[in-house]
Structure formats: C-alpha cells, structure tokens
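All the letters of the sequence shown, read from the start, carry residue numbers 23 to 354 under my numbering.
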Amino acid sequence: VIQKHASALYFGADNNRQIKCTRPRDGNLYEEYSTEQNSGTINFDLAGAWRCTNCSEGYYTTKTGSSYCDVCPRGHKCTDASVAPVACPLGTYNDLLEQVECVPCAAGDYTPRDGLTSCEVCPAGHYCLDPAEQPKQCQPGTFSLTKQTTCTPCTAGSYTTQNGSSFCHICPAAHYCSDPTKAAIPCPLGTANNQHGQTECAPCEAGKFSAESGAAVCDVCPAGSYCQDAAVRQKLCRTGTYSGSGQTICTDSAPQELCPAGTANDKLGKVTCDICPPGSYTDFTGAAYCTLCPAGQICPNPAESPTDCPISPFRGATVCVGPDAANTIGKK
C-alpha cells in the first residue's frame, strides 16, 4: 500500500508500517518507521516499494519524497547528493554530466566566470598565470601570443611602446632601439645605420659626414673640400689649397711652372715634365709636345734649335753624317 500525506511519501502494507526514506548510515541502507522522507534518497521501485536508496554518484535530489534523482548538469559538480549542484569555481570547468568534481583549466587558459563548460584561451597580448583570474596585459617592451602564462621580452633591436602587444616592432634602418619600451630613435648627427634591428648607430668614418639625423649612410666629403667634424657639412678648401674626395684637410698647392726648354707635358695634373727624346727638341718654355728635328738639321741639345748640316737627307738626326754612313741617326 502506498500512501501520500501532504508532501510526504510513505510505503508499506498499512498505515502501521510506514517506512522513512533517509540517508544511509555508514553507507548502508536502513528502514525507520516515520512520517516523512529525507532528501538525498529515493524510492527506486515505487510500486510495492518498501525501502529508499541513495542517489547515484553525479545525481542529486534536494526534496523529500522524491521518486527520482536529478542529473548533475554541465558546468557544475555534485559532491553531496542532498545539496543542489555547485557551479564550477573560477579556474575550473566541467563539460560532462554526472560529475562530482570540476576540471582545472589547462595552462594558458582561464574562466571569466563560474559555472562554465569550457575554459577560454588566454588572448594574444596578455598572460594568464592564474586560471581563476582575468587575463593581464603585457607591459611595454614585452609581447605574447595566445595561450601564454607569461609575456616574452622584445629581442635586442626591437620594441613595443603599448600595453597588450602581440608582437614587437623591428627597429628600422637609420634608427636605433636601445630601450625596448621606447620607439625607434633616428640616428644622431655624425652617425648612420643602414640595417634593421640595431641598438646603436655607427659613427661616420674619417672623411665622411651626416649633417642630418636619421641617416642610413654617411656622405663622402667631396673633392675641393674637407670634413673634420662628421656632424657638420663639408667646408671648401681655401685659395691655394686643394683636396681629393674623402679628405679631412686641404693640401697646399705647389706653384705652377712652365715646362722648361727641352721638355714637354701634354697631360693635365702632372707634376713633372718629360725630357724630349733624341732627335726632337723644344727651344721654348711651356711646350706640350717636342718637335722632331727636320731633315738637313741636327738636334744634339733638345733645349736648342736645330743646327744645319752641310748635306743631310735624314730627318730627326742628332749628328751630321754622310749618305753612306751605317750609323746615321734619324729618318729619311
């Protein structure tokens, strides 16, 4: 006979044998005559039942007189069958039914609130050291990809000036980056840098300069000028001095002189004159070319005019000889 009075459920042969459904002592089921049924136990066979039993692991009931147990939902745990499900706390989750414990989040994951069925991946530009806490932004000079527990410092020659960076900027050419928390700085005057990712700029070599900040290369000091200060533009050589390219000083010019008689020079920039070869002459100063001694004359001294021979069919001679001589010098 099954009888129900108000919210209480009783079972037994008659009203004199009413059994109270209650939680077991020491894990054993037992019977007790009473007028009510405790929560946490059920009548698993209502028809003709005479005893109550515990809810299975992962199930619960908070009401007395229950004929079934509720399944523990996802995102919760049920450690006590007589207590309502408890939401998984921060840093844990549960994606299955019938669970008595929640699962900790993996490294680099977190939960933004209680009672979740999955953990969220720590976003790029942040770190998640404690899965029960919200992601924290990476500080300037550091960065992170997704699912990280720490932020990574920028490598030498790179930088990031903002919070929450997912990458570092490579220092551009004509700049240097000595502090990863500060933006790239143009190379100062007198220095240059033609490569990326540098922590300093190189000073200009002697005879070169960079008169503007942010130079990728140093300029070569042009000819006719000198460059003693690499941070200042070239200065012109004063009158009476000269320089080639890439010079730090100007050199005093040698006095210009005409080539003397007997010599010549047909090229610019030479510092000496060439002596006229045998059979030629220049009888004046400043000659560019030597003159070939004419036929019928001899030129024993290249600095003097030719001398007539009594009879000579040869040109360019230095001595007068007869027409049958074997050692005649000159050309016919």
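All C-beta atoms in this analysis are idealised placements derived from N, C-alpha and C, irrespective of residue type, glycine included.
Alpha-carbon to alpha-carbon, D274 and G212
Numbered from 1 along the sequence shown, position 190 holds the residue referred to as residue 212. Numbered from 1 along the sequence shown, position 252 holds the residue referred to as residue 274. For G212 and D274, the distance between alpha carbons rounds to 27 Å.
Go ahead and pull the three-state DSSP assignment for H218.
Taking the sequence shown and counting its residues from 1, one reaches residue 218 at position 196. The answer is coil: DSSP assigns H218 none of H, G, I, E or B.
Would you kindly work out how many angstroms separate the C-alpha atoms of Y115 and K85, rounded to a whole number?
Within the sequence shown, numbered from 1, the residue matching residue 115 stands at position 93. Within the sequence shown, numbered from 1, the residue matching residue 85 stands at position 63. For Y115 and K85, the distance between alpha carbons rounds to 27 Å.
Across which residues does DSSP place Q362 in a beta bridge pair?
Residue 362 lies beyond the residue range present for the chain, which begins at 23 and ends at 354; the question has no answer from this structure.
Exposed or buried, I320, counting other C-beta atoms within 10 Å across all chains shown (16 or more means buried)?
Translated into positions along the sequence shown, residue 320 becomes position 298. Burial call: buried.
Under the three-state reduction of DSSP, which class applies to F189: helix, strand or coil?
What you label residue 189 is simply residue 167 of the sequence shown in a count that begins at 1. For F189, the three-state secondary structure derived from DSSP is coil.
Only counting the same chain, and skipping five residues up and downstream in sequence, which positions put a Cβ closer than 8 Å to that of T133?
Here the question's residue 133 lines up with position 111 in the sequence shown. Correct list, in chain order: C110, L112, G113, T114, Y115, C127, C141, E142, P153, A154.
Just confirm the distance between the C-beta atoms of T304 and A276, as a whole number of angstroms; I'd bet it's less than 8 Å.
Counted from its first residue, the sequence shown places residue 304 at position 282. Counted from its first residue, the sequence shown places residue 276 at position 254. T304 to A276, Cβ: 22 Å. No contact.
Does DSSP put V293 in a helix, a strand or coil?
To locate residue 293, count along the sequence shown from 1; it is residue 271. Coil.
Tell me whether the beta-carbon of T171 lies closer than 8 Å to the beta-carbon of Y149.
Here residue 171 refers to the residue found at position 149 of the sequence shown. Here residue 149 refers to the residue found at position 127 of the sequence shown. Yes, Cβ-Cβ distance for T171 and Y149 is below 8 Å.
Assumed close pair S235, P210 - CB separation to whole angstroms, cut-off 8 Å:
As a working mapping, residue 235 is identified with position 213 in the sequence shown. As a working mapping, residue 210 is identified with position 188 in the sequence shown. At roughly 6 Å, the Cβ-Cβ gap stays under 8 Å, so S235 and P210 are in contact.
Sort out for me which residues DSSP pairs P126 with in a bridge.
Along the sequence shown, read from residue 1 onward, the residue named residue 126 stands at position 104. BP columns for P126 point to T114.
In its own chain, which residues sit with a C-beta less than 7 Å from the C-beta of F189, not counting the 5 before and 5 after it?
To locate residue 189, count along the sequence shown from 1; it is residue 167. Taken in chain order, the residues that qualify are F165.
Alpha-carbon spacing of E279 relative to A224, whole angstroms
The sequence position of residue 279 within the sequence shown is 257, counting from 1. The sequence position of residue 224 within the sequence shown is 202, counting from 1. So the alpha carbons of these two residues sit roughly 45 Å apart.
CB of Q184 within 8 Å of CB of P162, strictly
Position 162 of the sequence shown, counted from the start, is the residue given in the question as residue 184. Position 140 of the sequence shown, counted from the start, is the residue given in the question as residue 162. Yes, the pair counts as a contact, with Cβ atoms nearer than the cut-off.
To the nearest angstrom, how far is it from the Cα of H197 to the Cα of G137?
As a working note, residue 197 is residue 175 in the sequence shown. As a working note, residue 137 is residue 115 in the sequence shown. Cα-Cα distance, rounded: 51 Å.
Alpha carbon to alpha carbon, how far is A245 from R260? Give it in angstroms, no decimals.
Start at 1 with the first residue of the sequence shown, and residue 260 comes out as number 238. Start at 1 with the first residue of the sequence shown, and residue 245 comes out as number 223. Approximately 13 Å between the Cα atoms of the pair.
Touching or not, the region 216-233 and the region 251-260, by the rule of three or more beta carbon pairs under 8 Å?
Enough Cβ pairs lie closer than 8 Å, so yes.
In chain order, what residues of the same chain have a beta carbon less than 6 Å from the beta carbon of V239, not counting five sequence neighbours either side?
Walking along the sequence shown from the start, residue 239 turns up at place 217. Here the set comprises A214, N216.
Ignore the nearest five residues each way along the sequence and tell me which others in A286's own chain have a CB closer than 8 Å to its CB.
Residue mapping note: residue 286 aligns to position 264 of the sequence shown, counting from 1. Sequence-distant partners of A286 (beyond 5 residues in either direction) whose C-beta falls short of 8 Å from its own C-beta, in its chain, are C295, D296, C298, T304, A309, A310, Y311, C312.
Tell me the rounded alpha-carbon separation between V105 and G130.
On the sequence shown, residue 105 is found 83 positions in, with the first residue counted as 1. On the sequence shown, residue 130 is found 108 positions in, with the first residue counted as 1. Approximately 32 Å, taken between the alpha carbons.
Neighbourhood of D330 by C-beta distance below 7 Å, restricted to the same chain and skipping five residues each side:
In the sequence shown, residue 330 corresponds to position 308, counting from 1. Closer than 7 Å at Cβ, skipping near neighbours: G318, Q319.
If we ignore side chains and look at the alpha-carbon of each, how far apart do C91 and G97 end up?
Counted from its first residue, the sequence shown places residue 91 at position 69. Counted from its first residue, the sequence shown places residue 97 at position 75. In this model, C91 and G97 are separated by some 18 Å (Cα to Cα).
Expressed to the nearest angstrom, what Euclidean distance is found between the alpha-carbon atoms of C272 and Y181?
As a first step, residue 272 must be located in the sequence shown, where it is residue number 250. As a first step, residue 181 must be located in the sequence shown, where it is residue number 159. Approximately 44 Å between the Cα atoms of the pair.
If C144 and P157 are in contact, beta carbons under 8 Å, what's the gap, nearest whole angstrom?
Indexing the sequence shown from 1 puts residue 144 at position 122. Indexing the sequence shown from 1 puts residue 157 at position 135. Contact holds; Cβ gap of about 5 Å.
Helix, strand or coil at T304 [DSSP, three-state]:
Along the sequence shown, read from residue 1 onward, the residue named residue 304 stands at position 282. The answer is coil: DSSP assigns T304 none of H, G, I, E or B.
In its own chain, which residues sit with a C-beta less than 7 Å from the C-beta of D241, not counting the 5 before and 5 after it?
Counting from one through the sequence shown, the residue named residue 241 turns up at place 219. Taken in chain order, the residues that qualify are K230, F231, S232.
With DSSP as the reference, label T183 as helix, strand or coil.
The count along the sequence shown starts at 1 and reaches residue 183 at position 161. Three-state result, T183: coil.
Cβ-based burial, G179 [other Cβ within 10 Å; buried from 16]
Along the sequence shown, read from residue 1 onward, the residue named residue 179 stands at position 157. Buried, since its Cβ has 16 or more Cβ neighbours within 10 Å.
Assigned secondary structure, T177 (DSSP; H/G/I helix, E/B strand, else coil)
The residue you call residue 177 lines up with position 155 of the sequence shown. DSSP places T177 in coil when its eight states are reduced to three.
Which whole-angstrom value is the C-beta distance of G186 and V122, which I expect to be below 8 Å?
Counting from one through the sequence shown, the residue named residue 186 turns up at place 164. Counting from one through the sequence shown, the residue named residue 122 turns up at place 100. 39 Å between Cβ atoms; not a contact.
Backbone CA spacing between K169 and G147 [nearest angstrom]:
Counted from its first residue, the sequence shown places residue 169 at position 147. Counted from its first residue, the sequence shown places residue 147 at position 125. One C-alpha to the other measures close to 10 Å.
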